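Enquirer: My questions all concern the structure below.
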Amino acid sequence: MNLLRRLHRWGRTTLLDVALAAYAVLMAVVWGVLAVTTGQTPWERGTEPHGLLVPFLASAALAYGFFRVFYFCPTEHPAYGRWLRQTPWRHPLPLPLGPVRLCPQDAVFLALVAATLPIDSPARVVLPLAAFAAGYAGLAWRVAVVHREHAGGYGLPAIAGLAVPAWFAEGWWPLAAVAVAALAATQFSLERCLSRFGGVPPEDFQPLFGSRETKQAAAAQPAAGPVATQLLGDTAETLWPPGHAAATGVLAAWLVFLPAHQVAVWFDGVTLDAAVTRQVFLSIHAFSAIPWTAPAVLRLLRYFTPFAPPISLLGRVATGRLIVPRFDYAAVPVLAAVVIGGCLPALLVSLGTPLGLAYALPAGLATAAVLGVPPSLTDWRHTGHHRLRTRRA
Amino acid sequence: MIRVENLTHHYGVRPVLLGVTMEIADGELVVLLGPNGMGKTTLLGCLAGVLWPHSGFVEFDGVRRRQSTDAERGLRRRIAYLPDTAWLPPLRTGREHLLAMGRLYGHDDLQLFDHSERLLRLFHLEERADSPMSGYSTGQQKKIALAGALITEAPYLLLDEPFSGGLDPAGILAMKSVLKRLASGGQRTIVLTTPVPELVEELAGRVAIIQDGRLTHYDTPAGLRATAGTGASLDDALQQLVYPDTRTALGDYFGDAGRGPR
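From first to last, the protein sequence lines are chains A and B. So the first sequence is numbered by my numbering: it starts at 41 and just counts up by one. So the second sequence is numbered by my numbering: it starts at 2 and just counts up by one.
Here is the structure:
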């Protein structure tokens with residue numbers, strides 16, 4: 041009895057009773073549904089992953105990984121973080137609510153999930169591990185971005201991209217290696233974030249005016265600001281510093297390269313029907329445009345929504361001033377991105393460049409251009425030949 | 002020793018503390034007293050380092066708050082601050098919380114097991130000790146928060162309204178006795194706030210009365226009685242010094258001036 045109590049206390053370090061109870065209930069429901077609908081009992085194992093149970097268990101591991109950062113990391117838990125800032129805690133002392141770094145209890149949970157997976161292959165171990173790593177590293181990436189921890193901010197997506205070739209590689213071990221690498225990088229990144237945690241409590245940064253609720257809401261904000269601000273830069277500015285724009289371009293190129301290269305490997309030496317080939321190229325093209333189209337649209341909205349052009353399109357035609365350089369130059373980086381990202385891949389493919397590079401290079405260049413090429417919003421506000429809107433539209 | 006020098010603090014444009022200067026000797030128990038919204042909690046927040054005053058400073062044993070990272074960390078290890086509504090992790094048990102608090106202040110586990118057990122007994126929390134704190138009543142949450150401050154064994158205890166928040170008579174008695182014992186032994190320097198004068202006489206070595214952000218009186222209970230000139234009762238003296246308008250307002254309400262009750 042005493043041993044059981046000790047085991048319970050040991051497990052509660054990260055495996056809270058509520059979470060375990062929820063897991064047990066869900067497991068019972070899923071097994072019950074399986075037993076009724078398919079007649080399969082929990083102890084019947086097949087060689088093929090079961091359609092319903094595998095995603096369910098992988099989701100449980102993913103949720104647990106997410107929870108490990110969400111609940112135990114003081115930067116993600118505002119009330120806990122505010123309280124902790126008032127205590128003598130400093131990195132690397134143990135966190136009072138429980139460890140955010142990996143611990144033996146995590147292995148026990150993953151073993152529990154693996155034990156209930158009805159698969160007789162290494163996937164039984166690798167799938168829960170990969171799902172846990174996705175949840176754990178996914179939220180840790182947000183922590184890294186908010187706290188400007190660049191090793192994690194750039195490193196974690198770069199490692200996550202490797203999951204694509206690993207998933208399609210022969211055997212489960214490449215995926216396991218990516219999961220382990222992601223977990224190691226997450227540890228490193230979280231440790232760096234925690235080493236910066238502490239210091240001045242955020243209550244000091246109260247707005248001068250406003251209701252008590254407004255001040256409390258402001259105090260509850262993380263010191264570094266919301267993710268959108270971190271990703272898009274200060275609301276008054278749209279340009280990223282050149283180093284970060286370039287690094288994000290490289291990251292975008294890497295994340296486009298991996299799947300594009302994978303497609304090239306699949307179709308190497310295979311003769312395809314022209315329609316199928318066209319479909320494949322269009323899909324890769326659309327995928328490679330994702331990294332730069334979203335920031336391009338946001339940039340256009342930021343620049344052109346608050347300011348009216350000197351003349352309308354009809355007016356330009358009527359006056360013969362089709363281009364107004366000091367107004368239109370704000371769109372040049374976006375136009376450049378469209379040309380580079382939209383047209384360059386086809387040119388490079390026709391020149392015989394390997395498929396991965398042909399899509400990755402333009403995607404990286406276009407992303408860097410959208411994020412980092414002037415004019416900045418501040419310059420545009422002060423020098424653009426636009427009309428200032430004096431009334432709300 | 003705690004030294005507060007010319008402390009001034011504003012919320013927005015509203016002044017809350019105005020030129021507060023005081024000294025608190027080692028082993029002293031000081032009660033900050035005053036009407037609601039007059040700056041007691043703000044003063045305690047400045048002492049605890051969670052607020053930074055607009056002018057003036059706070060020193061503990063000659064070390065100013067927030068002067069360097071190492072000095073500030075050293076101070077935090079010697080100061081336990083309990084705000085009025087303390088945050089408690091809802092999914093953790095009371096015992097786990099006490100052990101975590103003790104570990105934060107560098108105490109070893111064996112010592113903490115013993116101390117936490119004694120504290121749980123003192124506050125009648127043994128039965129709930131291993132239940133998640135989300136199930137605690139308001140009074141039980143207050144008790145576990147107070148126990149969390151006591152388990153730190155920090156030389157400086159800063160307690161914001163420790164007797165409010167649903168504490169039952171047994172809890173009030175336990176807390177009063179513990180604070181008296183700690184202060185009388187000269188082991189701890191304790192600063193606490195309360196809006197209730199009745200608790201002061203038994204506890205306070207000195208009483209600081211804050212009104213409209215100013216330190217209007219700072220004296221021993223005997224000194225305050227003498228200042229008020231009201232004879233033997235400290236309650237009467239405090240009512241006169243802290244709430245001088247209340248008696249007039251009561252008379253007004255009950256129509257002593259000839260109007261009848263409204």
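The beta-carbon is built from N, C-alpha and C at its ideal position, and this holds for glycine as well. Just so it is clear, the structure is predicted and the values come from calculations on it, not from any experiment.
Where does N37 of chain B sit, in a helix, a strand or coil, going by DSSP?
Expert: As a first step, residue 37 of chain B is located in the second sequence; it is residue number 36 there, counting from the start. Reduced to three states, the DSSP call for N37 of chain B is coil.
Enquirer: Tell me, please, which residues DSSP counts as bridged to E24 of chain B.
Expert: Indexing the second sequence from 1 puts residue 24 of chain B at position 23. Partner(s): B:R4.
Enquirer: Beta-carbon within less than 7 Å of L169 of chain A's beta-carbon, same chain only, minus the 5 sequence neighbours each way: which residues are those?
Expert: The sequence position of residue 169 of chain A within the first sequence is 129, counting from 1. Only L150, A216, A219 meet the Cβ criterion.
Enquirer: Using a Cβ-Cβ cutoff of 7 Å, what residues of the segment 73-91 of chain B are near chain A? List them in chain order.
Expert: Correct list: R74, R77, R78, Y82, W88, P90.
Enquirer: Go ahead and pull the three-state DSSP assignment for E128 of chain B.
Expert: As a first step, residue 128 of chain B must be located in the second sequence, where it is residue number 127. E128 of chain B falls in the coil class under three-state DSSP.
Enquirer: Assuming G289 of chain A and T407 of chain A form a contact by the criterion Cβ under 8 Å, report the distance between their Cβ atoms to the nearest whole angstrom.
Expert: Numbered from 1 along the first sequence, position 249 holds the residue referred to as residue 289 of chain A. Numbered from 1 along the first sequence, position 367 holds the residue referred to as residue 407 of chain A. Right, the Cβ-Cβ distance comes to about 5 Å (below 8 Å), so this counts as a contact.
Enquirer: Indicate whether S138 of chain A and T54 of chain A have their beta-carbon atoms separated by less than 7 Å.
Expert: Against the first sequence, residue 138 of chain A aligns to sequence position 98. Against the first sequence, residue 54 of chain A aligns to sequence position 14. Checking the displayed sequence, the identity of residue 138 of chain A turns out to be Gly instead of Ser. Contact: yes.
Enquirer: Please return the same chain residues whose Cβ sits closer than 8 Å to the Cβ of A59 of chain A, not counting the five positions on each side in sequence.
Expert: For this step, residue 59 of chain A is matched to residue 19 along the first sequence. Around A59 of chain A: Y104, F107.
Enquirer: By the three-class DSSP mapping on this structure, what secondary structure does V316 of chain A have?
Expert: As a position in the first sequence, residue 316 of chain A is number 276, starting the count at 1. The answer is helix: DSSP assigns V316 of chain A an H, G or I state.
Enquirer: Would you please verify whether the beta carbon of P20 of chain A is less than 7 Å from any beta carbon of chain B?
Expert: Chain A is shown from 41 up to 433; residue 20 of chain A falls before or after that span and cannot be answered.
Enquirer: May I have the straight-line CA-CA distance separating E243 of chain A from L111 of chain B, to the nearest angstrom?
Expert: One-based indexing of the first sequence puts residue 243 of chain A at position 203. One-based indexing of the second sequence puts residue 111 of chain B at position 110. The pLDDT assigned to E243 of chain A is 40, lower than 50, so where the model puts this residue is not dependable, and the model offers no usable value.
Enquirer: Any C-beta of chain B sitting closer than 7 Å to the C-beta of W123 of chain A?
Expert: As a working note, residue 123 of chain A is residue 83 in the first sequence. Yes, because at least one Cβ of chain B sits closer than 7 Å to the Cβ of W123 of chain A.
Enquirer: Measure from the alpha carbon of A377 of chain A to the alpha carbon of each residue in A:W332, A:V140, A:Q319, then state which is nearest.
Expert: Locating residue 377 of chain A in the first sequence gives position 337, counting from the first residue. Here the closest residue by C-alpha is A:W332.
Enquirer: Between R130 of chain A and chain B, is there a C-beta pair that is closer than 7 Å?
Expert: On the first sequence, residue 130 of chain A is found 90 positions in, with the first residue counted as 1. So yes, R130 of chain A belongs to the interface.
Enquirer: Would you tell me roughly how many angstroms separate the C-alpha atoms of T195 of chain B and M134 of chain B, rounded to the nearest one?
Expert: The residue labelled residue 195 of chain B in the question sits at position 194 within the second sequence. The residue labelled residue 134 of chain B in the question sits at position 133 within the second sequence. Roughly 25 Å between the two C-alpha positions.
Enquirer: Between which two residues does the alpha helix (DSSP H) harbouring G57 of chain B extend?
Expert: Taking the second sequence and counting its residues from 1, one reaches residue 57 of chain B at position 56. Run containing G57 of chain B: none in the alpha helix (DSSP H); it sits in the beta strand (DSSP E), 56-61.
Enquirer: Using the Cα positions of A403 of chain A and E97 of chain B, report the straight-line distance between them to the nearest angstrom.
Expert: Mapped onto the first sequence, residue 403 of chain A falls at position 363. Mapped onto the second sequence, residue 97 of chain B falls at position 96. C-alpha separation (whole angstroms): 51 Å.
Enquirer: Helix or strand or just coil, what does DSSP make of T221 of chain B?
Expert: Translated into positions along the second sequence, residue 221 of chain B becomes position 220. DSSP places T221 of chain B in coil when its eight states are reduced to three.
Enquirer: Would L105 of chain B count as contacting chain A if we go by Cβ distances under 7 Å?
Expert: Residue mapping note: residue 105 of chain B aligns to position 104 of the second sequence, counting from 1. Yes, because at least one Cβ of chain A sits closer than 7 Å to the Cβ of L105 of chain B.
Enquirer: Considering only their Cβ atoms, is the gap separating A386 of chain A from Y343 of chain A smaller than 7 Å?
Expert: Position 303 of the first sequence holds residue 343 of chain A. Position 346 of the first sequence holds residue 386 of chain A. Taking 7 Å as the Cβ cut-off, Y343 of chain A and A386 of chain A do not qualify as a contacting pair.
Enquirer: Grouping DSSP H, G and I as helix and E and B as strand, with all else coil, what is H187 of chain A?
Expert: On the first sequence, residue 187 of chain A is found 147 positions in, with the first residue counted as 1. Of the three classes helix, strand and coil, the one that applies to H187 of chain A here is coil, per DSSP.
Enquirer: Could you tell me the alpha carbon to alpha carbon distance between P414 of chain A and V372 of chain A, rounded to whole angstroms?
Expert: Counted from its first residue, the first sequence places residue 414 of chain A at position 374. Counted from its first residue, the first sequence places residue 372 of chain A at position 332. Answer to the nearest angstrom: the Cα atoms are 9 Å apart.
Enquirer: Less than 8 Å between the CB atoms is what I'm expecting for L33 of chain B and L44 of chain B, so what's the real figure, rounded?
Expert: Working through the second sequence from its first residue, we reach residue 33 of chain B at position 32. Working through the second sequence from its first residue, we reach residue 44 of chain B at position 43. Contact holds; Cβ gap of about 6 Å.
Enquirer: Pick from B:S165, B:Y12, B:G149, B:L18: whose alpha carbon is nearest that of G95 of chain B?
Expert: Start at 1 with the first residue of the second sequence, and residue 95 of chain B comes out as number 94. Of the candidates B:S165, B:Y12, B:G149, B:L18, the one whose C-alpha sits nearest the C-alpha of G95 of chain B is B:G149.
Enquirer: Does P2 of chain A come within less than 7 Å of chain B when only Cβ atoms are used?
Expert: Any answer about residue 2 of chain A is impossible in this case: the structure gives chain A only from 41 up to 433.
Enquirer: May I have the straight-line CA-CA distance separating G256 of chain B from T249 of chain B, to the nearest angstrom?
Expert: On the second sequence, position 255 is the one that residue 256 of chain B refers to. On the second sequence, position 248 is the one that residue 249 of chain B refers to. G256 of chain B and T249 of chain B: Cα-Cα distance of roughly 11 Å.
Enquirer: Helix, strand or coil for T311 of chain A? Go by DSSP, reduced to three states.
Expert: The count along the first sequence starts at 1 and reaches residue 311 of chain A at position 271. T311 of chain A: coil per DSSP, three-state reduction.
Enquirer: Can you pull the DSSP bridge partners for F347 of chain A?
Expert: Sequence index remark: in the first sequence, residue 347 of chain A carries index 307 (1-based). Bridge partners of F347 of chain A: A:L428.
Enquirer: So P350 of chain A and F367 of chain A are supposed to be a Cβ contact under 8 Å. How far apart are they, rounded?
Expert: Position 310 of the first sequence holds residue 350 of chain A. Position 327 of the first sequence holds residue 367 of chain A. Yes, they are in contact, since the Cβ atoms of P350 of chain A and F367 of chain A sit about 6 Å apart, within 8 Å.
Enquirer: Which residue from A:V204, A:A184, A:G211, A:G195 puts its Cα closest to that of R232 of chain A?
Expert: Here residue 232 of chain A is taken as the residue at index 192 of the first sequence, counted from 1. That would be A:A184, whose Cα lies nearest to the Cα of R232 of chain A.
Enquirer: Do you know offhand how far P214 of chain A's Cα is from V204 of chain A's?
Expert: Taking the first sequence and counting its residues from 1, one reaches residue 214 of chain A at position 174. Taking the first sequence and counting its residues from 1, one reaches residue 204 of chain A at position 164. Each residue's alpha carbon lies about 10 Å from the other.
Enquirer: Here's a check: name, in chain order, each residue in its chain whose Cβ is nearer than 6 Å to the Cβ of E60 of chain B, leaving out the five neighbours to either side.
Expert: Along the second sequence, one-based indexing puts residue 60 of chain B at 59. So the qualifying residues of the chain are R4.
Enquirer: To the nearest angstrom, how far is the alpha carbon of L56 of chain A from that of P128 of chain A?
Expert: By 1-based counting over the first sequence, the position of residue 56 of chain A is 16. By 1-based counting over the first sequence, the position of residue 128 of chain A is 88. Rounded to whole angstroms, L56 of chain A to P128 of chain A spans 25 Å at the Cα level.
Enquirer: Please state the DSSP three-state secondary structure of V296 of chain A.
Expert: Along the first sequence, read from residue 1 onward, the residue named residue 296 of chain A stands at position 256. Looking at V296 of chain A - three-state DSSP - the assignment turns out to be helix.
Enquirer: Hey, how far is the Cα of V21 of chain B from the Cα of T42 of chain B?
Expert: Translated into positions along the second sequence, residue 21 of chain B becomes position 20. Translated into positions along the second sequence, residue 42 of chain B becomes position 41. Rounded to the nearest angstrom, the two C-alpha atoms are 13 Å apart.
Enquirer: Where does A209 of chain B land, buried or exposed, given buried means 16+ other C-beta within 10 angstroms?
Expert: For the purposes of this step, residue 209 of chain B is taken as the residue at position 208 of the second sequence. A209 of chain B comes out buried.
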